[in-house]
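A.B. asks: Top to bottom, those sequences are chains C and Y.
No gaps in the numbering here: position 57 of the first sequence is 57 in the numbering used here, and each next residue is one more.
To convert a position in the second sequence, counted from 1, into the numbering used here, add 196.
Just so you know, even glycine gets a beta-carbon here, dropped at the ideal spot from N, CA and C.
So that we are looking at the same thing, I have put the structure below in structure tokens.
2 protein chains.
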Amino acid sequence: MTALENLIQTLSRLPGIGPKSASRLAYHLIKTDPFYNRTLAESIATIQEKIFPCSVCGSFTETDPCPICSDAGRDRTQLCVVEQPQDVVTLQSSGAYNGLYHVLGGAISPLDGIGPEHLSFSALLKRIETGAFQELIIATNPTEEGDTTALYIRHILKDWSELSITRLASGLPIGGDLEYADRITLARSLRQRVRF
Amino acid sequence: MTALENLIQTLSRLPGIGPKSASRLAYHLIKTDPFYNRTLAESIATIQEKIFPCSVCGSFTETDPCPICSDAGRDRTQLCVVEQPQDVVTLQSSGAYNGLYHVLGGAISPLDGIGPEHLSFSALLKRIETGAFQELIIATNPTEEGDTTALYIRHILKDWSELSITRLASGLPIGGDLEYADRITLARSLRQRVRF
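What follows is the structure, given as structure tokens:
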């Protein structure tokens with residue numbers, strides 16, 4: 001295999017990059033500014049050393065605890081539960097939330113072999129026990145797995161009567177992924193969150 | 197800027213990769229097999245050292261002349277003129293052509309400041325003078341720039357009455373890029389190429 005074929009094959013293993021996109025990217029990389037290639041290669045080679053999960057919320061960070069967990073200006077009575085670290089960034093970009101986050105690391109999906117034991121529910125319970133949370137906002141994806149996960153959270157917290165449990169309002173397209181929602185829809189679904 | 201923001205911003209400078217795709221790719225790279233990241237980074241960092249233009253046809257290669265130019269089994273009476281190196285790969289994948297190629301390095305585009313002097317027309321003329329070509333197949337894109345370039349080639353070769361000049365048949369969607377055509381359409385447009 002030539003270096004070009006090798007690069008195209010490697011690129012086409014990225015999510016959402018098919019063989020034609022991979023080919024187009026590879027030809028772009030052959031002709032682009034060499035400094036750009038060195039920067040990109042360096043970023044890719046070192047990203048896993050620099051980024052790790054926050055020991056408190058599970059979001060990706062370069063410092064522990066992450067900037068959100070250690071921000072004294074945030075509302076420590078609200079906890080928003082999301083599936084993935086990128087969902088924190090997406091919700092932050094809506095500008096409609098100033099509380100804390102908890103990243104589960106995925107959603108319950110029996111078909112994929114992902115049960116509650118694979119997600120950070122015990123850390124979530126511990127945070128609720130030791131924290132001062134008044135409201136738990138479930139922001140799992142509006143998918144079957146996200147719905148299952150939301151129901152599971154409500155189930156394990158059924159004895160916490162003092163904790164208000166809410167979920168993002170519909171308005172999010174059903175079956176879609178949270179990270180592809182536009183900011184306005186997302187901000188509205190935060191404002192119109194309903195008791196769950 | 198954090199390492200993650202830096203990676204997202206660097207990825208979003210790639211063609212066809214918007215901010216959301218860049219973000220999705222970056223999160224994938226954080227979680228993927230570290231060996232994959234090293235392989236991808238290495239491929240990107242070294243691609244420009246390994247790949248260079250063939251001194252005969254201008255296509256990208258790791259050996260000079262390229263495997264197509266040095267293949268004794270190819271028909272040396274046919275020369276197919278394309279805009280970009282990736283067009284050679286695309287046409288090869290159609291399986292409908294067994295002649296040689298000439299890569300112009302682009303198309304004439306006065307609005308982008310690309311005139312005939314920026315493309316390899318003098319090398320093309322030299323190859324026609326010294327070669328044994330009987331047919332020149334123009335396979336520039338079916339766009340305004342590709343059409344202009346095709347007309348220019350016909351103009352500079354108007355005195356070569358013994359050379360049959362053809363162009364890929366229509367069937368390619370107008371305004372599209374050659375590299376996104378499907379193989380069947382491409383093979384048909386090669387078979388039905390018309391005198392130009």
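Can you tell me which of Y/N233, Y/T362 and Y/T242 puts its alpha carbon nearest to the alpha carbon of Y/T336?
C.D. replies: The residue labelled residue 336 of chain Y in the question sits at position 140 within the second sequence. Closest by alpha carbon: Y/T362.
A.B. asks: For C/L100, which of C/F133, C/G113, C/L111 and C/L163 has the nearest alpha-carbon?
C.D. replies: Reading the first sequence from its first residue, position 100 is the one you call residue 100 of chain C. Among C/F133, C/G113, C/L111 and C/L163, the Cα nearest to that of C/L100 belongs to C/F133.
A.B. asks: Looking at the secondary structure, which residues open and close the alpha helix (DSSP H) in which Y/Y232 lies?
C.D. replies: Mapped onto the second sequence, residue 232 of chain Y falls at position 36. Residues P230 to K246.
A.B. asks: For C/P116 versus C/V103, is the C-beta spacing smaller than 9 Å?
C.D. replies: As a first step, residue 116 of chain C is located in the first sequence; it is residue number 116 there, counting from the start. As a first step, residue 103 of chain C is located in the first sequence; it is residue number 103 there, counting from the start. Result no, Cβ atoms of C/P116 and C/V103 do not sit closer than 9 Å.
A.B. asks: Evaluate Y/N294 with the Cβ neighbour count: other Cβ atoms within 10 Å of its Cβ, from every protein chain shown; 16 or more gives buried, anything less gives exposed.
C.D. replies: For this step, residue 294 of chain Y is matched to residue 98 along the second sequence. Result: exposed.
A.B. asks: Out of Y/S360, Y/L374, Y/S208 and Y/G254, which one is the CA nearest neighbour of Y/Q274?
C.D. replies: Position 78 of the second sequence, counting from 1, holds the residue named residue 274 of chain Y. Nearest C-alpha to Y/Q274: Y/S360.
A.B. asks: When the cut-off is 9 Å and only beta carbons count, does C/A107 lie next to chain Y?
C.D. replies: Position 107 of the first sequence, counted from the start, is the residue given in the question as residue 107 of chain C. Judged by the 9 Å Cβ criterion, C/A107 is not in contact with chain Y.
A.B. asks: For C/I51, return the contacting residues in chain Y, with the cut-off set at a CB-CB distance below 7 Å.
C.D. replies: Counting from one through the first sequence, the residue named residue 51 of chain C turns up at place 51. What C/I51 touches in chain Y: A199, L200 and I226.
A.B. asks: Consult DSSP for Y/L210 and reduce its assignment to one of helix, strand or coil.
C.D. replies: For the purposes of this step, residue 210 of chain Y is taken as residue 14 along the second sequence, with counting starting at 1. Three-state result, Y/L210: coil.
A.B. asks: 9 Å is my cut-off, CB to CB: does C/R13 come that close to chain Y?
C.D. replies: Counting from 1 along the first sequence, the entry for residue 13 of chain C is found at position 13. With 9 Å as the cut-off, C/R13 counts as an interface residue toward chain Y.
A.B. asks: Would you say C/I44 faces chain Y, with C-beta separation under 9 Å as the test?
C.D. replies: For the purposes of this step, residue 44 of chain C is taken as the residue at position 44 of the first sequence. Yes, because at least one Cβ of chain Y sits closer than 9 Å to the Cβ of C/I44.
A.B. asks: Could you pull the start and end residues of the beta strand (DSSP E) that C/H102 belongs to?
C.D. replies: As a first step, residue 102 of chain C is located in the first sequence; it is residue number 102 there, counting from the start. Start and end: L100 to V103.
A.B. asks: At what residues does the beta strand (DSSP E) containing C/Q78 begin and finish?
C.D. replies: By one-based count along the first sequence, residue 78 of chain C stands at place 78. C/Q78 -> beta strand (DSSP E) spans Q78 to V82.
A.B. asks: If you measure between the beta carbons of C/T63 and C/I108, is that distance less than 9 Å?
C.D. replies: The count along the first sequence starts at 1 and reaches residue 63 of chain C at position 63. The count along the first sequence starts at 1 and reaches residue 108 of chain C at position 108. No, Cβ-Cβ distance for C/T63 and C/I108 is not below 9 Å.
A.B. asks: Should C/L14 be labelled buried (16 or more other beta-carbon atoms within 10 Å of its own) or exposed?
C.D. replies: Residue numbering aside, residue 14 of chain C sits at position 14 when the first sequence is read from its first letter. C/L14 is buried by the Cβ-count criterion.
A.B. asks: For a contact defined as C-beta to C-beta under 7 Å, what are the partners of Y/T206 on chain C?
C.D. replies: In the second sequence, residue 206 of chain Y corresponds to position 10, counting from 1. Within 7 Å Cβ-Cβ: T39, L40 and S43.
A.B. asks: Apply the 10 Å Cβ neighbour rule to Y/E245 and answer buried if 16 or more other Cβ atoms are within range, or exposed otherwise.
C.D. replies: Within the second sequence, the letter at position 49 stands for residue 245 of chain Y. Answer is exposed; the Cβ neighbour count stays below 16.
A.B. asks: Run through chain C and tell me which residues come within less than 8 Å of Y/I243, C-beta to C-beta.
C.D. replies: Taking the second sequence and counting its residues from 1, one reaches residue 243 of chain Y at position 47. By Cβ distance, chain C contributes A3, L4, L7, A26, L29, I30 and N37.
A.B. asks: Which first and last residues belong to the beta strand (DSSP E) in which C/S164 is found?
C.D. replies: Numbered from 1 along the first sequence, position 164 holds the residue referred to as residue 164 of chain C. It spans S164 to R167 - the beta strand (DSSP E) in which C/S164 sits, taken as one unbroken run.
A.B. asks: Tell me which same chain residues have a C-beta within less than 6 Å of the C-beta of C/L124, skipping the five on either side of it?
C.D. replies: Indexing the first sequence from 1 puts residue 124 of chain C at position 124. Excluding positions up to five away in sequence, the list reads H102.
A.B. asks: So, helix, strand or coil for C/L136, using DSSP?
C.D. replies: Reading the first sequence from its first residue, position 136 is the one you call residue 136 of chain C. If DSSP states are grouped into helix, strand and coil, C/L136 belongs with the strands.
A.B. asks: What does C/T61 pair with, by DSSP beta-bridge criteria?
C.D. replies: To locate residue 61 of chain C, count along the first sequence from 1; it is residue 61. DSSP, once it has assigned bridges, lists C/F52 as partnering C/T61.
A.B. asks: So, helix, strand or coil for Y/S266, using DSSP?
C.D. replies: On the second sequence, residue 266 of chain Y is found 70 positions in, with the first residue counted as 1. Coil, per DSSP.
A.B. asks: Report the neighbours of Y/E375 on chain C: residues whose CB is nearer than 8 Å to its CB, in chain order.
C.D. replies: Sequence index remark: in the second sequence, residue 375 of chain Y carries index 179 (1-based). Under the 8 Å cutoff, chain C gives K20, S23 and R24.
A.B. asks: Name the chain C residues whose beta carbon is nearer than 8 Å to that of Y/P230?
C.D. replies: Against the second sequence, residue 230 of chain Y aligns to sequence position 34. By Cβ distance, chain C contributes Q48.
A.B. asks: For a test of the three-state rule: what should DSSP assign to C/S93, helix, strand or coil?
C.D. replies: Translated into the one-based positions of the first sequence, residue 93 of chain C becomes position 93. If DSSP states are grouped into helix, strand and coil, C/S93 belongs with the helices.
A.B. asks: How would you list, in chain order, the residues of chain C whose beta-carbon sits under 7 Å from the beta-carbon of Y/E258?
C.D. replies: As a first step, residue 258 of chain Y must be located in the second sequence, where it is residue number 62. The contacting residues are T2 and A3.
A.B. asks: Which residue's Cα is closest to the Cα of Y/R387: Y/E325, Y/S357, Y/L287 and Y/T242?
C.D. replies: Walking along the second sequence from the start, residue 387 of chain Y turns up at place 191. For the residues Y/E325, Y/S357, Y/L287 and Y/T242, the minimum Cα distance to Y/R387 belongs to Y/L287.
A.B. asks: Does the Cβ of Y/R389 have 16 or more other Cβ atoms within 10 Å, making it buried, or fewer, making it exposed?
C.D. replies: As a working mapping, residue 389 of chain Y is identified with position 193 in the second sequence. By the neighbour-count rule (16 or more Cβ atoms within 10 Å), Y/R389 is buried.
A.B. asks: For Y/D271, name the three-state secondary structure that DSSP assigns.
C.D. replies: Translated into the one-based positions of the second sequence, residue 271 of chain Y becomes position 75. In the structure shown, Y/D271 sits in a strand (DSSP, three-state: E or B).
A.B. asks: Can you pull the chain C neighbours of Y/G212, defined as C-beta to C-beta under 8 Å?
C.D. replies: The sequence position of residue 212 of chain Y within the second sequence is 16, counting from 1. Those within 8 Å of Y/G212 in chain C are S21, R24 and L25.
A.B. asks: Give the residues from the segment 85 to 106 of chain C that approach chain Y closer than 8 Å (Cβ to any Cβ), ordered along the chain.
C.D. replies: Residues passing the 8 Å Cβ filter: P85, Q86 and V89.
A.B. asks: When DSSP builds the beta bridges, which residues end up paired with Y/R391?
C.D. replies: Residue numbering aside, residue 391 of chain Y sits at position 195 when the second sequence is read from its first letter. Per DSSP, Y/T362.
A.B. asks: To the nearest angstrom, how far is it from the Cα of C/A26 to the Cα of C/L7?
C.D. replies: What you label residue 26 of chain C is simply residue 26 of the first sequence in a count that begins at 1. What you label residue 7 of chain C is simply residue 7 of the first sequence in a count that begins at 1. Approximately 6 Å, taken between the alpha carbons.
A.B. asks: Can you find the residues in the same chain that come closer than 8 Å, C-beta to C-beta, to C/I17, ignoring five residues on each side of it along the sequence?
C.D. replies: Against the first sequence, residue 17 of chain C aligns to sequence position 17. Hits under 8 Å: L11 and L25.
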